[in-house]
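Under UniProt numbering, the sequence shown is numbered contiguously, ending at residue 252.
Backbone N, C-alpha and C define an ideal beta-carbon position, used for all residues, glycine too.
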Amino acid sequence: MASKESKRKRSTSPKPSTRNSTRFAAARLEEADPKPGPSSTTRGSLPPSTELGDENCEVLCIRAADRVNKCIPADRKHDSKLTPTPLALLEWLPDGGKIFLSRDILATDNDDDLHNVFWNVVTGLLSPMTNTSGRIPVSGFADEERENDAEAVFTKFRKTCLERDDYKCVVTKRMDTEHWENLGEPSDMPFGDLKAAHIIPFMYSSWNYRPTSSINVSNAWKFFYRCFPDTRRVGMSAEDINDSSNGIMIRT
């Protein structure tokens, strides 16, 4: 008889991309995207242009991308990322975020101003995002009790997401390995190890546990809302990070 290990062959297909996971709850909205309000000045950001009128998102993105591509390299902090970073965001942010970023870019008078916009994105959005891994930051908690509380919250979060998604990866439809085993290892059901991934990263709710954190929580959330305005419309906040509506089951 073949061993369980031989039956549990893993697929060689590519792992699913989570690139679009940040388009949180877009399909659940009942209304069209709101027009973005003026962006406030934070760490070098510039006020939006008053001459952009009612140009649509596509036109604004084309104009903003053209402006970025005209930037001349110089001796500025992380200058090599000055062009590719805004261009990537102009491609992958939701429309509300694209409009917000395009207007800031088009309001710049020179390349140094453009670098200020770029650096504002780095400090306001990318740093908070990349300082997280979707896992509980165990070393960030002040004591063992809080760490245990966080583990309990995450366990409940995973269980709720598993039940909601029928114990399957929403992309590959592979069943969670443990649940597959509990069902008697059906031969016609593909399976794999799954994780409950936060759409808005867990760390956006955990900074209160980290008094020495360099992250400005208020500014991080303000910038996040500007880049992903739909999350504000559905009432998403730090208290809702571990709600199943902010989770998705994916194959690890």
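Of the residues assessed, residue 66 falls on the exposed side of the cut-off, its CB having fewer than 16 other CB atoms within 10 angstroms. Here residue 241 is near residue 202, since their CB atoms are less than 8 angstroms apart. Taking a contact to require three or more Cβ pairs closer than 8 angstroms, the segment 158–175 and the segment 183–203 qualify as touching. The three-state reading of DSSP puts residue 251 in strand, counting E and B together. If you look at residue 197, you'll find it in the beta strand (DSSP E) that goes 194–198.
Annotation for residue 116: the continuous alpha helix (DSSP H) segment containing it runs 111–121. In the three-state reduction of the DSSP assignment, residue 236 falls in the coil class, being assigned neither a helical nor a strand state. In this structure, the alpha-carbon of residue 85 lies about 37 angstroms from that of residue 152. In the structure shown, residue 189 adopts coil according to DSSP, grouped into three states.
Contact between residue 82 and residue 223 does not hold, since their C-beta atoms are separated by about 18 angstroms, which reaches or exceeds 8 angstroms. Within the same chain, and ignoring the five residues on either side of residue 186 in sequence, the residues whose Cβ sits closer than 8 angstroms to its Cβ are 180. When C-alpha distances from residue 57 are compared across 237, 80 and 90, the shortest belongs to 90. Within 10 angstroms of the beta-carbon of residue 128 lie 16 or more other beta-carbons, which makes it buried. For the 8 angstroms CB-CB criterion, residue 117 and residue 104 form a contact. Secondary-structure assignment with DSSP links residue 168 through a beta bridge to 175.
About 6 angstroms separates the Cβ atoms of residue 68 and residue 87, confirming a contact at the 8 angstroms cut-off. For residue 103, the uninterrupted alpha helix (DSSP H) run begins and ends at 95–106, by DSSP. Non-local C-beta neighbours of residue 63 in its own chain, meaning closer than 8 angstroms and more than five positions away in sequence, comprise 55, 102 and 106, ordered along the chain. Residue nearest to residue 100 within the set 246, 251 and 230 is 230 (criterion: CA-CA distance).
By the neighbour-count criterion, in which 16 or more other beta carbons inside 10 Å mark a residue as buried, residue 205 falls on the buried side. Only residues of its own chain outside the window of five on either side were considered, and among them 175 have a CB closer than 6 angstroms to the CB of residue 168, listed in chain order. Boundaries for residue 55: no alpha helix (DSSP H) harbours it, and the DSSP string shows neither H nor E there.
Per DSSP, reduced to three states, the secondary structure at residue 71 is coil, with no helix or strand assignment.
Check the Cα spacing between residue 61 and each of 76, 75, 161 and 97: the tightest is with 97.
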